[in-house]
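> Mapping of the sequence shown onto the working numbering: position 332 corresponds to residue 332, and the numbering continues sequentially without gaps. Built from N, CA and C at the ideal position, the CB exists for glycine as well. The model shown is predicted, which means the values in this text are computed figures rather than measured ones.
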Amino acid sequence: MAAVPEPSLILSFEEARHLVEEHAARLRPRGKELADLLDSAGRILAEPVTADRNFPPFPRATRDGYALRAADLAQLPATLDLIGEIKAGAAPEKSAIELGPGQAVAIMTGAPAPPGADAVVMVEHTSRRGDRVEITKGIAAGDNIVAVGSEAKRGDRLLVPGMRLDHGAVAAAASVGKTHVLVYAKPQVAVLSTGDEVVDIDVPPGLNQIRNSNSYSLAAQIQMAGGEPLLLPIAPDEPARLRELIADGFEADLLLLAGGVSMGKYDLVEQALAEFHAEFFFTGAQIQPGRPIVFGRIPCGAGAPAREGSPALDRYKYFFGLPGNPVSTMVTFELFARPVLEALAGMALRKLVFLHAKLKSEIKTRTGLKRFLPAILSGEFERAEVELTRWQGSGDIAATARANCYIVIPPDRERIAAGEWIPVLLR
Ligand code: AMP
Ligand code: MG
Numbered sequence: 001m002a003a004v005p006e007p008s009l010i011l012s013f014e015e016a017r018h019l020v021e022e023h024a025a026r027l028r029p030r031g032k033e034l035a036d037l038l039d040s041a042g043r044i045l046a047e048p049v050t051a052d053r054n055f056p057p058f059p060r061a062t063r064d065g066y067a068l069r070a071a072d073l074a075q076l077p078a079t080l081d082l083i084g085e086i087k088a089g090a091a092p093e094k095s096a097i098e099l100g101p102g103q104a105v106a107i108m109t110g111a112p113a114p115p116g117a118d119a120v121v122m123v124e125h126t127s128r129r130g131d132r133v134e135i136t137k138g139i140a141a142g143d144n145i146v147a148v149g150s151e152a153k154r155g156d157r158l159l160v161p162g163m164r165l166d167h168g169a170v171a172a173a174a175s176v177g178k179t180h181v182l183v184y185a186k187p188q189v190a191v192l193s194t195g196d197e198v199v200d201i202d203v204p205p206g207l208n209q210i211r212n213s214n215s216y217s218l219a220a221q222i223q224m225a226g227g228e229p230l231l232l233p234i235a236p237d238e239p240a241r242l243r244e245l246i247a248d249g250f251e252a253d254l255l256l257l258a259g260g261v262s263m264g265k266y267d268l269v270e271q272a273l274a275e276f277h278a279e280f281f282f283t284g285a286q287i288q289p290g291r292p293i294v295f296g297r298i299p300c301g302a303g304a305p306a307r308e309g310s311p312a313l314d315r316y317k318y319f320f321g322l323p324g325n326p327v328s329t330m331v332t333f334e335l336f337a338r339p340v341l342e343a344l345a346g347m348a349l350r351k352l353v354f355l356h357a358k359l360k361s362e363i364k365t366r367t368g369l370k371r372f373l374p375a376i377l378s379g380e381f382e383r384a385e386v387e388l389t390r391w392q393g394s395g396d397i398a399a400t401a402r403a404n405c406y407i408v409i410p411p412d413r414e415r416i417a418a419g420e421w422i423p424v425l426l427r
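(1) Would you say Asp200 touches the ligand MG, meaning its beta carbon is less than 8 Å from a heavy atom?
(2) For Ala417, collect the residues of the same chain with a Cβ closer than 8 Å to its Cβ; drop the 5 residues on either side in sequence, then sort them by chain order.
(3) Secondary structure at Tyr216, three-state DSSP: helix, strand or coil?
(4) Name the DSSP bridge partner or partners of Ile416?
(5) Among the candidates Leu218, Pro233, Pro374, Ala343, whose CA atom is the shortest distance from the CA of Gln288?
(6) How many angstroms separate the CA atom of Lys87 from the CA atom of Gly65?
(7) Count the C-beta pairs between the region 313-324 and the region 131-148 that are closer than 8 Å, then say yes if the count reaches three, no if not.
(8) From the DSSP output, in three-state form, read off Val105 for me.
(9) What's the C-alpha gap between Pro311 and Arg164?
(10) Just confirm the distance between the C-beta atoms of Leu159 and Ala173, as a whole number of angstroms; I'd bet it's less than 8 Å.
(11) Relative to the ligand AMP, is the shortest distance from any of its heavy atoms to the C-beta of Ala169 smaller than 8 Å?
(12) Are at least three pairs of beta-carbons, each pair with one atom in the region 67-83 and one in the region 167-184, less than 8 Å apart?
(13) Straight-line CA distance for Leu377 to Cys405?
(14) Tell me the start and end of each unbroken beta strand (DSSP E) in the region 1-69 that is at least 3 residues and wholly inside, in chain order.
(15) For a test of the three-state rule: what should DSSP assign to Ile145, helix, strand or coil?
(16) Would DSSP call Leu313 helix, strand or coil?
(17) Would the C-beta of Pro323 count as close to the ligand AMP, meaning under 8 Å from any of its heavy atoms?
(18) Between which two residues does the beta strand (DSSP E) harbouring Ser328 extend?
(19) Just the Cα atoms here: how many angstroms apart are Arg30 and Glu251?
(20) Nearest CA to the CA of Ala91: which residue from Ala78, Asp81, Phe58?
(21) Apart from the five residues on each side of it in sequence, which residues of its chain come closer than 8 Å, Cβ to Cβ, to Ala111?
(22) How far does the alpha helix (DSSP H) with Gln209 in it reach, from first residue to last?
(23) What residue range is occupied by the uninterrupted beta strand (DSSP E) comprising Ser127?
(24) State yes or no: is the C-beta of Asp237 nearer than 8 Å to some heavy atom of the ligand MG?
(25) How would you write the range of the alpha helix (DSSP H) that Pro239 sits in, first residue to last?
(26) Would the beta-carbon of Ile210 fall within 9 Å of that of Val199?
(27) Are Glu275 and Gly296 touching if we call contact CB-CB under 9 Å?
(28) When DSSP labels each residue in this structure, what does Glu197 get in the three-state scheme?
(29) Whether or not the region 71-86 and the region 41-60 are in contact is what I'm after, with contact meaning three or more pairs of Cβ atoms, one per stretch, closer than 8 Å; do they touch?
(30) Considering Cα atoms alone, identify which of Arg154, Leu322, Glu270 is closest to Gly259.
(31) Go to Thr79, then tell me how far its beta strand (DSSP E) extends in each direction, as first and last residue.
(32) Under 8 Å from any heavy atom of the ligand NAD, does the C-beta of Arg211 make it?
(33) Apply the 10 Å Cβ neighbour rule to Lys370 and answer buried if 16 or more other Cβ atoms are within range, or exposed otherwise.
(34) With 16 other CB atoms within 10 Å as the buried threshold, where does Met263 fall?
(35) Distance check for Ala247 and Ala219, CA to CA, integer angstroms please.
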């Protein structure tokens, strides 16, 4: 019989997370494809995006006002001769007229400043009298004009491969005229829920049966993280069928199992994985919920075909055995499975950071585990407030559905007073 992992592979949260990050850093995405820029939000960029011209391409006025020579404002008020007007999108001849000393042109935001002008004074600090303008406020050379190429020079990299395309990145791609961007193919992530009591959601459950929510919450999380979920049939607590389904799961780029990883008599997942020559990196983390989280890999060839197009370096298929309690499944996906999925999706590794909010009402707990408890973030603007949802433990789907974040409680805290700023993991 294959070796089951040592029970001692229980790590602190930070150790477990770092271990996952180390492995994730070695993983590569499967392939590349072209995406329409309009459909590219959330995808991972697979090519550098470079500036096709200088940014800005002309000295751009950033205010409505008058373009002039700052040196002409040594004495205030100063009266300058108006020699024209330049609006945004003006024909090149319009903006080519050289501005002499003592002269100004009316100019609009986004318009090119003419040669000779080195600053734009805001219209609010001026009064116009026919073809002359009186300026009441001095400014420095360079004010309210963005110099040619000062944001980016032609050929500069604006976006690097491995970044997730958000609206800022999409703006940069649009600004260099990319209608399509090369992105990484989405990794396929197999989801295998286990348990004799678990039934498909399209059949009426018997009294002692529960519907399979985990495969669906995981599918949602996989999609949000940039993967393609592949839901396998529910595995019974029976070794042969479980093994068969695990073998199917290893066809995908990553396998997520849910349930069957605790110490119960019918928790067969680790034993089944051991039969695929699995290497276990940890079989538990000092967290709540989600303590029995399992992370490991199997060598390709031991029942798992190599990933298509994968470099030689990718000789393993990774898996997570997530605990079956629904909240544990959700939390452990976010804390541990996500970085591996993101790496397979081509995303550059990023550290997990928690934000802070003010605790609304006191929390009392026990020391020893780092806790990630369902909570509600509220308040407004700079006053983020947070409080725990009332819940019946890590099986309480209803409480988690009401929550919009998790409060993070360090393992050495027994009591956190109302009013304290505490870390939260956003959802
Ligand atoms: P396990 O990790 O297999 O011991 O399961 C822990 C708890 O989670 C049990 O109460 C299970 O009934 C429940 N559970 C396991 N799998 C699922 C699932 N796919 N959907 C909903 N609840 C589940
Ligand atoms: Mg079970």
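Here's the rundown:
(1) For the purposes of this step, residue 200 is identified with residue 200 of the sequence shown, where counting begins at 1. Asp200: no, Cβ never under 8 Å from the ligand MG.
(2) Residue numbering aside, residue 417 sits at position 417 when the sequence shown is read from its first letter. So the list reads Leu359, Glu362, once near-sequence residues are dropped.
(3) To locate residue 216, count along the sequence shown from 1; it is residue 216. It is helical.
(4) Within the sequence shown, residue 416 is the residue found at index 416, counting from 1. Looking at the DSSP assignment, Ile416 forms a beta bridge with Ile363.
(5) One-based indexing of the sequence shown puts residue 288 at position 288. Closest option to Gln288, Cα to Cα, is Pro374.
(6) Within the sequence shown, the letter at position 87 stands for residue 87. Within the sequence shown, the letter at position 65 stands for residue 65. Spanning the two alpha carbons is a distance of roughly 11 Å.
(7) no
(8) What you label residue 105 is simply residue 105 of the sequence shown in a count that begins at 1. Strand.
(9) As a position in the sequence shown, residue 311 is number 311, starting the count at 1. As a position in the sequence shown, residue 164 is number 164, starting the count at 1. With a pLDDT of 49 at Pro311, under the threshold of 50, the predicted position of this residue should be treated as unreliable, and no value is reported.
(10) In the sequence shown, residue 159 corresponds to position 159, counting from 1. In the sequence shown, residue 173 corresponds to position 173, counting from 1. Right, their Cβ atoms sit about 7 Å apart.
(11) Residue numbering aside, residue 169 sits at position 169 when the sequence shown is read from its first letter. No, the ligand AMP has no heavy atom inside 8 Å of this Cβ.
(12) no
(13) In the sequence shown, residue 377 corresponds to position 377, counting from 1. In the sequence shown, residue 405 corresponds to position 405, counting from 1. Those two C-alpha atoms are separated by around 7 Å.
(14) 32-36, 65-68
(15) Sequence index remark: in the sequence shown, residue 145 carries index 145 (1-based). Residue state, collapsed to three classes: strand.
(16) Translated into positions along the sequence shown, residue 313 becomes position 313. Confidence at Leu313 is low in this model, with a pLDDT of 45, below 50, so its placement is unreliable and the value that follows should be read with caution. Note: Leu313 maps to coil in three-state DSSP.
(17) Taking the first residue of the sequence shown as position 1, residue 323 is located at position 323. Correct: Pro323 has its Cβ closer than 8 Å to the ligand AMP.
(18) If you number the sequence shown from 1, residue 328 lands on position 328. Where Ser328 is concerned, there is no enclosing beta strand (DSSP E), although the alpha helix (DSSP H) it sits in stretches over 326-332.
(19) Here the question's residue 30 lines up with position 30 in the sequence shown. Here the question's residue 251 lines up with position 251 in the sequence shown. In a straight line, the C-alpha of Arg30 is about 13 Å away from that of Glu251.
(20) Here residue 91 refers to the residue found at position 91 when the sequence shown is read from its first residue. Considering only alpha carbons, the answer is Phe58.
(21) For the purposes of this step, residue 111 is taken as residue 111 along the sequence shown, with counting starting at 1. These residues qualify, in order along the chain: Arg60, Ala61, Ile86, Lys87, Ala88, Gly89, Ala90, Ser95.
(22) Residue numbering aside, residue 209 sits at position 209 when the sequence shown is read from its first letter. Run containing Gln209: none; DSSP gives neither H nor E here.
(23) Mapped onto the sequence shown, residue 127 falls at position 127. Taken as a continuous stretch (DSSP letters only), the beta strand (DSSP E) holding Ser127 covers 126-129.
(24) For the purposes of this step, residue 237 is taken as the residue at position 237 of the sequence shown. Asp237: yes, Cβ under 8 Å from the ligand MG.
(25) Within the sequence shown, residue 239 is the residue found at index 239, counting from 1. 239-249 is the extent of the alpha helix (DSSP H) around Pro239.
(26) Position 210 of the sequence shown holds residue 210. Position 199 of the sequence shown holds residue 199. Yes, the Cβ-Cβ distance between Ile210 and Val199 is below 9 Å.
(27) For the purposes of this step, residue 275 is taken as residue 275 along the sequence shown, with counting starting at 1. For the purposes of this step, residue 296 is taken as residue 296 along the sequence shown, with counting starting at 1. Not closer than 9 Å, so no.
(28) Counting from one through the sequence shown, the residue named residue 197 turns up at place 197. In this structure, Glu197 counts as coil in the three-state DSSP scheme.
(29) no
(30) Here residue 259 is taken as the residue at index 259 of the sequence shown, counted from 1. Here the closest residue by C-alpha is Leu322.
(31) Counting from 1 along the sequence shown, the entry for residue 79 is found at position 79. Looking at the DSSP string, the run of the beta strand (DSSP E) that includes Thr79 is 78-86.
(32) In the structure on display, the ligand NAD does not appear, and the ligands it does have are the ligand AMP and the ligand MG.
(33) Numbered from 1 along the sequence shown, position 370 holds the residue referred to as residue 370. It is buried - the Cβ of Lys370 has at least 16 other Cβ atoms within 10 Å.
(34) Here residue 263 refers to the residue found at position 263 when the sequence shown is read from its first residue. Exposed, by the Cβ-count rule.
(35) Reading the sequence shown from its first residue, position 219 is the one you call residue 219. Reading the sequence shown from its first residue, position 247 is the one you call residue 247. Computed Cα separation, rounded: 19 Å.
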